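Numbering (our numbering), first residue to last: 1 to 133.
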Amino acid sequence: MTDLRRSLGTWGGAALLVGTMIGGGIFRTPGPIAENLSDARLILLLWLFVGIISMCGALTLAELATMLPQTGGTYVYLRAAYGDGAAFVFGWLYLLAAIPSGVAALAVFFDELLLGAGSSWIPIAASATIASL
1 MTDLRRSLGT WGGAALLVGT MIGGGIFRTP GPIAENLSDA RLILLLWLFV
51 GIISMCGALT LAELATMLPQ TGGTYVYLRA AYGDGAAFVF GWLYLLAAIP
101 SGVAALAVFF DELLLGAGSS WIPIAASATI ASL
């Protein structure tokens, strides 16, 4: 692997981390969570618990990044732990399944925000097409 010039600053890295971890779900999940958990203290406790789990994941990836300072991210970590086969399968599954499903979920969320949930006058195919544009 080649060495990359590290040009991402502290604020840019923090913004990238927050945007990646929170994503669009922050706008979608509070309503259903509040419907199922009527007590605000339980909601805050749940968010704190999930935040702690997310922090554990972030610290784990930070440790892996310092142990294996190569380009490639998760691919490099899997190759070091399980070999080339597992890393190869992960790379292709990430490319062909994880990225497209994430984009599709964002498109559906955008559709719900733009057109309103349960719009009966627009077929699902048409609304998905509009959302993907």
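Glycine included, C-beta positions come from ideal geometry on N, C-alpha and C. Just so it is clear, the structure is predicted and the values come from calculations on it, not from any experiment.
Three-state secondary structure assigned by DSSP to residue i
| i | result |
| --- | --- |
| serine 38 | coil |
| arginine 79 | helix |
| serine 7 | coil |
| leucine 64 | helix |
| proline 69 | coil |
| threonine 74 | helix |
Environment of residue i [buried if 16+ CB atoms lie within 10 Å]
| i | result |
| --- | --- |
| aspartate 111 | buried |
| arginine 5 | exposed |
| arginine 41 | exposed |
Contact set for residue i: own chain, Cβ-Cβ below 6 angstroms, skip 5 residues either direction
| i | result |
| --- | --- |
| valine 103 | none |
Interface flag, residue i vs chain C, CB-CB below 7 angstroms
| i | result |
| --- | --- |
| leucine 78 | Although the question refers to chain C, the structure presented lacks it and comprises just one protein chain. |
Close Cβ partners of residue i (< 7 angstroms) along its chain, the five nearest in sequence each way excluded
| i | result |
| --- | --- |
| alanine 86 | Leu78 |
(request) May I ask you to verify whether the segment 65–75 touches the segment 84–100, counting CB pairs closer than 8 angstroms and requiring at least 3? (result) Two segments are said to touch when three or more pairs of C-beta atoms, one from each, lie closer than 8 angstroms; by this definition the segment 65–75 touches the segment 84–100.
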